[in-house]
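Colleague: Residue numbers are given in UniProt numbering: position 243 of the sequence shown equals residue 243, and the series is strictly consecutive.
Every residue, glycine too, gets a C-beta built ideally from N, C-alpha and C.
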Amino acid sequence: MKIIHISDLHFGLHRQEIINCFVKEVNEILPEIIIISGDLTHRARSGQFHDLRTFISRLPGKVLLVPGNHDIPAFDVIQRFLTPFEKYRRFINNTLEPAYEDAKLRILGLNSVNPYSIKDGKLSSSSLMKIERFFKVSDERLNILFFHHNFQHFEGLHRPLSNTRAFSEALKKSAVHLVCTGHLHFANVSFLEKNQQESFALLHAGSLSCQRTRDGQNSFYLIEFEAGECAIKLMQYELSQFKLKDSYSYSYRSALSQTIRPEELL
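1. Straight-line CA distance for residue 129 to residue 143?
2. Hey, residue 131 and residue 171 are a contact pair by Cβ (cut 8 Å); roughly how many whole angstroms apart?
3. Bridge partners of residue 41, per DSSP?
4. Pull up the CB-CB distance for residue 5 and residue 180, whole angstroms please, since I reckon it's below 8 Å.
5. Looking at the structure shown, is residue 62 part of a helix, part of a strand, or coil, going by DSSP?
6. Using a Cβ-Cβ cut-off of 6 Å (strictly less than) and excluding sequence neighbours within five positions of residue 20, which residues of its own chain qualify?
7. What number of angstroms, rounded off, separates the C-alpha of residue 161 from the C-alpha of residue 85?
8. Going by beta carbon distance, what residues of the same chain come within less than 8 Å of residue 55, once the five residues before and after it are set aside?
9. Measure from the alpha carbon of residue 28 to the alpha carbon of each residue in 16, 207, 3 and 39, then state which is nearest.
10. My guess is that residue 35 and residue 107 are in contact by the Cβ rule of under 8 Å, so how many angstroms apart are they, rounded?
11. I'd like the list of long-range same chain contacts for residue 290, defined as Cβ closer than 6 Å, with 5 residues on each side in sequence excluded.
12. On the three-state DSSP scale, how would you describe residue 143?
13. Nearest CA to the CA of residue 98: which residue from 33, 59, 217 and 50?
14. For residue 176, which of 182, 184 and 167 has the nearest alpha-carbon?
15. Mapping the DSSP letters down to three states, classify residue 2 as helix, strand or coil.
16. Of the residues 239, 191, 213 and 240, which one's Cα is nearest the Cα of residue 251?
17. Indicate the three-state DSSP secondary structure (helix, strand or coil) for residue 47 in the structure shown.
18. What does a CB cutoff of less than 8 Å around residue 93 pick up in its chain, not counting 5 residues either side in sequence?
19. Could you tell me the distance, in whole angstroms, from the CA atom of residue 265 to the CA atom of residue 17?
20. Helix or strand or just coil, what does DSSP make of residue 97?
21. From this set, 78, 253 and 52, which residue's C-alpha is nearest residue 194's C-alpha?
22. Closer than 8 Å by C-beta to residue 26: which residues in its own chain qualify, once you throw out the five before and the five after it? Chain order, please.
23. For residue 217 and residue 233, what's the separation of their Cα atoms in angstroms?
Below, the structure written as structure tokens:
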């Protein structure tokens, strides 16, 4: 089964040639699920949401998405505080925290946007409770949690969730295997320990298409899994095409994981 994880599209400050290349690529991959972890637009303007909606209509499979801090008004203070998600609901989806499950996986999206902060995010108490309820049962399915803001700190980049400690405690008690975030415009994969020597994979997505990136690259993740084994591939945009940059293997029924360089796959 194939899942695509993208983030930080920033329609309005995007590179259309990358969008077109990605659409072509993803229609060849044909994933069952596409996860988009926020910052869909650059300034939450109607035209930018319209362009986003057109983009989504070109994608195969089921699309699950959550807002980012750029998807609420930046300068209209009244709307930002009173109805921050009005355009997101009107143009995209009335659901801010989508959930999906089938025989092979569970996916839960959470809204980490804090209208009272320009950049920093926070997960509400109700969102943390959703993690416990949704991932309460541990079975053979792959469990994926996604939201916009990072909760791992990287020197020189945005601060993590303001309630990182509370989130970490909720995560440790859950059956989550993959956590997918964005916000940093910096691609990074980490494997962190939970309770009882279990591990989970943390995927910080780089920006798919924004003109501004922290790592100098536009990218997305291709996740392929079957029977407890998961392959995570970082696909990077170079010379008008997406190329495999790194590959990570993760056994979500054990604590074993490793990084595989592209040349090792040859």
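Modeller: In brief:
1. Taking the sequence shown and counting its residues from 1, one reaches residue 129 at position 129. Taking the sequence shown and counting its residues from 1, one reaches residue 143 at position 143. About 16 Å.
2. Within the sequence shown, residue 131 is the residue found at index 131, counting from 1. Within the sequence shown, residue 171 is the residue found at index 171, counting from 1. Their Cβ separation, rounded to whole angstroms, is 7 Å, which keeps residue 131 and residue 171 in contact under 8 Å.
3. As a working note, residue 41 is residue 41 in the sequence shown. The beta-bridge partner set that DSSP reports for residue 41 consists of 11.
4. Walking along the sequence shown from the start, residue 5 turns up at place 5. Walking along the sequence shown from the start, residue 180 turns up at place 180. Residue 5 to residue 180, Cβ: 5 Å. Contact.
5. Along the sequence shown, read from residue 1 onward, the residue named residue 62 stands at position 62. The answer is strand: DSSP assigns residue 62 an E or B state.
6. As a first step, residue 20 must be located in the sequence shown, where it is residue number 20. Answer for residue 20: no residue qualifies.
7. To locate residue 161, count along the sequence shown from 1; it is residue 161. To locate residue 85, count along the sequence shown from 1; it is residue 85. Between residue 161 and residue 85, the C-alpha separation is close to 20 Å.
8. Counted from its first residue, the sequence shown places residue 55 at position 55. The beta carbon of residue 55 sits closer than 8 Å to those of 9, 11, 19 and 23, all from its chain and outside the five residues before and after it, given in chain order.
9. The residue you call residue 28 lines up with position 28 of the sequence shown. Taking only the C-alpha atoms, the option nearest residue 28 is 3.
10. Position 35 of the sequence shown, counted from the start, is the residue given in the question as residue 35. Position 107 of the sequence shown, counted from the start, is the residue given in the question as residue 107. With a Cβ gap of about 7 Å, residue 35 and residue 107 count as contacting.
11. Outside the modelled stretch of the chain, which goes from 1 to 266, sits residue 290, for which no answer is possible.
12. Against the sequence shown, residue 143 aligns to sequence position 143. Per DSSP, reduced to three states, the secondary structure at residue 143 is strand.
13. Stepping through the sequence shown from its first residue, residue 98 is reached at position 98. Comparing Cα positions, the closest option is 33.
14. In the sequence shown, counting from the first residue as 1, residue 176 sits at position 176. Checked all of 182, 184 and 167; the closest Cα to residue 176 is 167.
15. Within the sequence shown, residue 2 is the residue found at index 2, counting from 1. Secondary structure at residue 2: strand, using DSSP grouped into helix, strand and coil.
16. Working through the sequence shown from its first residue, we reach residue 251 at position 251. Nearest C-alpha to residue 251: 191.
17. Here the question's residue 47 lines up with position 47 in the sequence shown. In this structure, residue 47 counts as helix in the three-state DSSP scheme.
18. The residue you call residue 93 lines up with position 93 of the sequence shown. Excluding sequence neighbours, residue 93 sits near 65.
19. Counted from its first residue, the sequence shown places residue 265 at position 265. Counted from its first residue, the sequence shown places residue 17 at position 17. Note that residue 265 scores a pLDDT of 38, beneath 50, so its modelled location is shaky and nothing firm can be said.
20. Mapped onto the sequence shown, residue 97 falls at position 97. Looking at residue 97 - three-state DSSP - the assignment turns out to be coil, as it is neither helix nor strand.
21. For the purposes of this step, residue 194 is taken as residue 194 along the sequence shown, with counting starting at 1. If we check each option's Cα against that of residue 194, 253 comes out closest.
22. Within the sequence shown, residue 26 is the residue found at index 26, counting from 1. Scanning its chain for C-beta atoms nearer than 8 Å, with the 5 sequence neighbours on each side dropped, one finds around residue 26 the residues 4, 34, 59 and 60, in chain order.
23. Within the sequence shown, the letter at position 217 stands for residue 217. Within the sequence shown, the letter at position 233 stands for residue 233. Near 15 Å, if we compare the C-alpha coordinates of residue 233 and residue 217.
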